[in-house]
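Undergrad:
There are 2 protein chains.
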Amino acid sequence: MTFQEQARAAKAASTVLRRLDRAGKDAALAAMAVRLRESTGEVLAANAADLERGRASGMTEGLQDRLRLTAERVEGMAAGLESLAALGDPIGEVVRGWNTDQGVRIEQVRVPLGVIGIIYEARPNVTADAAGICLKSGNASLLRGSSSALESNRAVIRALRSGLVDAGQPADAVNLVEGGHEATQEMMGARGLVDLLIPRGGAGLINAVVSGSSVPVIETGTGNCHLVVDSSADLDMAEAIVLNAKTQRPSVCNALETVLVLRDVAESAVPRLVGALTDAGVTVHGDERSVALDAAVVPAGPGEYDAEYLSMDLAMKVVDDLPAALEHIAEHSSGHSETIVTGSLEAARTFQESVDAAAVLVNCSSRFVDGGEFGFGAEIGISTQKMHARGPMGLTEMTSTSYRLVGTGQVRLG
Amino acid sequence: MTFQEQARAAKAASTVLRRLDRAGKDAALAAMAVRLRESTGEVLAANAADLERGRASGMTEGLQDRLRLTAERVEGMAAGLESLAALGDPIGEVVRGWNTDQGVRIEQVRVPLGVIGIIYEARPNVTADAAGICLKSGNASLLRGSSSALESNRAVIRALRSGLVDAGQPADAVNLVEGGHEATQEMMGARGLVDLLIPRGGAGLINAVVSGSSVPVIETGTGNCHLVVDSSADLDMAEAIVLNAKTQRPSVCNALETVLVLRDVAESAVPRLVGALTDAGVTVHGDERSVALDAAVVPAGPGEYDAEYLSMDLAMKVVDDLPAALEHIAEHSSGHSETIVTGSLEAARTFQESVDAAAVLVNCSSRFVDGGEFGFGAEIGISTQKMHARGPMGLTEMTSTSYRLVGTGQVRLG
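Chains A and B, in that order, are what the protein sequence lines are.
Quick note: UniProt numbering has the first sequence finishing at residue 414, numbered continuously throughout.
Quick note: UniProt numbering has the second sequence finishing at residue 414, numbered continuously throughout.
1. Please report the distance separating the alpha-carbon of Val-156 of chain B from that of Leu-36 of chain B.
2. To be precise: take each residue of the segment 372-386 of chain A, compare its Cβ to all Cβ atoms of chain B, and keep it if any distance is under 8 Å. Which residues remain?
3. Quick check for students: name the residue ranges of the alpha helix (DSSP H) that lie wholly in the segment 160-197 of chain B, counting only runs of 4 or more.
4. Nearest CA to the CA of His-226 of chain B: which residue from B:Phe-351, B:Ala-45 and B:Arg-272?
5. Between the alpha carbons of Ala-296 of chain A and Gly-275 of chain A, how many angstroms are there, rounded?
6. Using a beta-carbon distance cut-off of less than 9 Å, what residues from the segment 346-360 of chain A approach chain B?
7. Assuming contact is defined by CB atoms lying nearer than 8 Å, are Asn-150 of chain A and Asp-65 of chain A in contact in what I supplied?
8. Check whether the Cβ atoms of Arg-412 of chain B and Glu-373 of chain A sit closer than 8 Å, and answer yes or no.
9. Alpha carbons only, please: which of B:Val-265, B:Ser-211 and B:Tyr-309 is nearest the one belonging to Ala-255 of chain B?
10. So for Asn-99 of chain B, helix, strand or coil by DSSP?
11. Between the beta-carbon of Thr-222 of chain A and the beta-carbon of Ile-198 of chain A, is there less than 8 Å?
12. Would you mind sorting Gly-407 of chain B into buried or exposed? The rule is 16 or more other CB atoms within 10 Å of its CB.
13. Listing by chain order, which chain B residues have their CB less than 7 Å from the CB of Leu-237 of chain A?
14. So, are the CB atoms of Ile-241 of chain B and Cys-134 of chain B less than 8 Å apart?
15. Please give the ranges of any beta strand (DSSP E) in the segment 355-395 of chain B, keeping only runs that are unbroken, at least 3 residues long and fully inside the region.
16. Based on Cα-Cα distance, which residue from A:Leu-176, A:Ser-162 and A:Glu-75 lies nearest to Val-115 of chain A?
17. By alpha-carbon positions, which one of A:Glu-178, A:Val-111 and A:Pro-170 ends up nearest to Leu-143 of chain A?
18. So which residues on chain A does Pro-216 of chain B lean against when the C-beta distance must stay under 9 Å?
19. Using the rule of at least 16 other Cβ atoms within 10 Å of the residue's Cβ for burial, across every protein chain shown, is residue 420 of chain A buried or exposed?
20. Anything in the segment 389-406 of chain B with a Cβ closer than 7 Å to a Cβ of chain A? List those residues in chain order, please.
21. Could you tell me the alpha carbon to alpha carbon distance between Gly-377 of chain A and Lys-246 of chain B, rounded to whole angstroms?
22. I want to verify the contact list: residues of chain A whose CB lies under 9 Å from the CB of Ile-241 of chain B, in sequence order.
23. Does any CB atom of chain A fall closer than 8 Å to the CB of Arg-8 of chain B?
24. Looking only at DSSP bridge pairs, what is Leu-256 of chain A linked to?
25. Measuring alpha carbon to alpha carbon, tell me which residue in B:Ala-358, B:Asn-153 and B:Leu-29 is nearest Ala-85 of chain B.
26. Starting from the C-beta of Leu-87 of chain A, find all residues in its chain whose C-beta is less than 6 Å away, skip the five residues before and the five after it, and write them out in chain order.
27. Only counting the same chain, and skipping five residues up and downstream in sequence, which positions put a Cβ closer than 6 Å to that of Asp-306 of chain B?
28. Is there a C-beta anywhere in chain B that falls below 8 Å from the one on Gln-169 of chain A?
29. Strictly under 8 Å for the Cβ-Cβ distance: is Thr-258 of chain B near chain A by that measure?
30. Within the 8 Å Cβ cut-off, does Arg-367 of chain B reach chain A?
31. Going along chain A in order, which residues have a C-beta closer than 8 Å to the C-beta of Gly-114 of chain B?
32. Quick check on the DSSP output: what are the complete beta strand (DSSP E) runs of length 3 or more inside the segment 291-340 of chain B, in order along the chain?
33. Could you spell out the range, first to last residue, of the beta strand (DSSP E) harbouring Leu-143 of chain B?
34. Identify every run of the beta strand (DSSP E) within the segment 7-36 of chain B, keeping only runs that are complete inside it and at least 3 residues long; order them along the chain.
35. Using the Cα positions of Ala-31 of chain A and Ser-162 of chain A, report the straight-line distance between them to the nearest angstrom.
36. Among B:Glu-61, B:Thr-100 and B:Gly-54, which has the Cα closest to the Cα of Ser-152 of chain B?
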């Protein structure tokens, strides 16, 4: 089957999903979970083959770990599909509605996008997760997994499609896109057949998709997250938030990367934060002023304020005042999550209104910027772009809207 | 000034607009209107020069008419800026808000996009209009008008920028992008500097921008609008709506292009609709079955169900039933506005839930699908795409959102 044929089949399936009610979608998700559990042995055998191939071609231990499935992970994928069934249906929600002067009733109603393409790297658990989120939001999916996980993805998709058929729904609601680099290229050019592309992976993948795609893309980007210690900050609070945001899970996009300390609290704040961070195993890289205040600070090299460490490293800088902190953030932010710790209402308001990011926080940890913590129940990624969806994306963000007008014969007069 | 310098200046201005309150924006719009009125003579002289150049290079009468400004048209542009001042401020609106389990307060708040680029064809009145809508929504604008309107646009922009300075705001909030084809190319590649591109013009322009741009684009596309005459339709109503949707203003995107008549009412409906349309000066192009029912119907050529006539022509087709009508629409629709005339609640619901378009109408004219008729007060175009904005776009659609979190020291536990 060519990609075009596959995309057309997905589009045809999407017209069925468009009108499927919640009970129908939830029954399909339950049936997909049943088939996935039944296929555990098959999925693990396929995964073992992928891992064997990976080892033979010199795949790193880290990548192997991302690729590896276990019975528990397969059970987690099935449970994930069931938990989607427990979430409300985003489709049909009336976003707003009113009557016009002439008495035409207008409702803006949430509808599915149609066909969503997802391009992702090694983890095969994304396959079930993404298929489920698309289905629950009434969309067909074209899933382009990594070639290194091909056998695992095939086995998972086979199970999911059997579940769809069991539930009386079209198997083509969920599709694995195979083929080399050309398949990705075809996806990116399939405007009119594919309604949205979401790349999930490293910066290289995301940039390639953003610059090469004529299909609309949502960027789930990188997080170079800052925290500002304001002059009026409670330093106990600052220390607790910095430690949590940096060390609770350093490898994720909402982890803290840079602390900016205002000059007039630097003398007390820098040694205290550096001490706590060092005790926790974090290496602090700083500018001259922070190095001068604490000998444990390693001088920061060029470019260190722009990169995500995603490790137990943190950049620190002493800035003159809040405007200087805002300027640093405007220059270096990736638009993910930016935090201030402050006791000042004015500083909090200035910060939240000035910073251009998906999330702007006062006195809490950037680790809260996450679909689960937001209570969305499901998350397809965190958008760092401004169009359509910004911040954690749940089911609602996988929808469009349509205006429905109902009249009694009205025609336009002027 | 290079395009990059200009875009950077616009971005700097956008950081001022981001925090400007409603009073500040409205005062700027008022001052822009004052300066534009004062510059009427200068603007008309510049326009005369553009027209002269156009005539010399063989510009068609129609294009000259679109390019031509009069004292009344300049007054209309100034009044348009004043009417924007009368509209509410979309910025700061809380879209939704809640407290998390741990007591962190989350608000999703409307914020400006930043810098909006608009690429448009001959009409110089779009210049003031677009600049005003961007400003009111807190965005800086990069306006790329047609080279044939260059002198007119320069004069308008000069007036608008003087008004901004009078009001104490940065002149770089409004910018005219000059330079040849390369300038358009640079705009399309300026990801990170330009947040959104809106092409306003013919299909050729729109397709070139959509396929060539790495900056997010909103398509304000074409409208191949259908109307279905259901078996249970009130034929008086169908006739009135068809006439209005086709003839009230045939050249616009929400005008009717194709009528689909269900077989079991065709014998009465076709001659009646064709008679009324012909009397109104419309040429009806039809399939074999409609030709057989009324000799005034001209046989439709290949491709006539796909093109927008934008003229006093209409395509007609007799279809077997509602599913056949839905299939025809799915194949030929441009996703703008689709209508059914019906007395059946079931047919109305099936139609509105099945058709994938920006607007889906029951028993009223597609001419209502318009920002003015919707009560938006201002319109930057009608989006026929599904991402970010779909249907008529007003001030709200020129915004993004940001999540604002306020805590009292909370950190993430699990």
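Where a beta carbon is used, it is the ideal one built from N, C-alpha and C, also for glycine.
TA: Put simply:
1. 7 Å
2. Glu-373, Phe-374, Gly-375, Gln-385 and Lys-386
3. 181-189
4. With respect to the C-alpha of His-226 of chain B, the residue from B:Phe-351, B:Ala-45 and B:Arg-272 having the closest C-alpha is B:Phe-351.
5. 8 Å
6. Ala-348, Thr-350, Gln-352, Glu-353, Ser-354, Val-355, Asp-356, Ala-357, Ala-358, Ala-359 and Val-360
7. The amino acid at residue 150 of chain A is misidentified as Asn; the sequence shows Leu. Contact: no.
8. yes
9. The residue with the shortest Cα to Cα distance from Ala-255 of chain B is B:Tyr-309.
10. strand
11. no
12. buried
13. Reading the sequence as shown, one finds Met at residue 237 of chain A and not Leu. Neighbours of Met-237 of chain A on chain B, chain order: Gly-409.
14. Annotated as distal: Ile-241 of chain B and Cys-134 of chain B, with beta-carbon spacing of 8 Å or more.
15. 359-364, 381-383 and 391-393
16. A:Leu-176
17. A:Glu-178
18. Pro-216, Val-217, Gln-385, Lys-386, Met-387 and His-388
19. This structure gives no information on residue 420 of chain A, because the portion of chain A shown stretches from 1 to 414.
20. Arg-390, Gly-391, Ser-400, Thr-401, Ser-402, Tyr-403, Arg-404, Leu-405 and Val-406
21. 47 Å
22. Gly-407, Gly-409, Gln-410 and Val-411
23. no
24. A:Cys-225
25. B:Leu-29
26. Answer for Leu-87 of chain A: Gly-377, listed in chain order.
27. His-332
28. no
29. no
30. Contact of Arg-367 of chain B with chain A is assigned, a C-beta pair being separated by under 8 Å.
31. Asp-356 and Lys-386
32. 313-319
33. 140-144
34. none
35. 8 Å
36. Sorting B:Glu-61, B:Thr-100 and B:Gly-54 by C-alpha distance to the C-alpha of Ser-152 of chain B places B:Gly-54 at the top.
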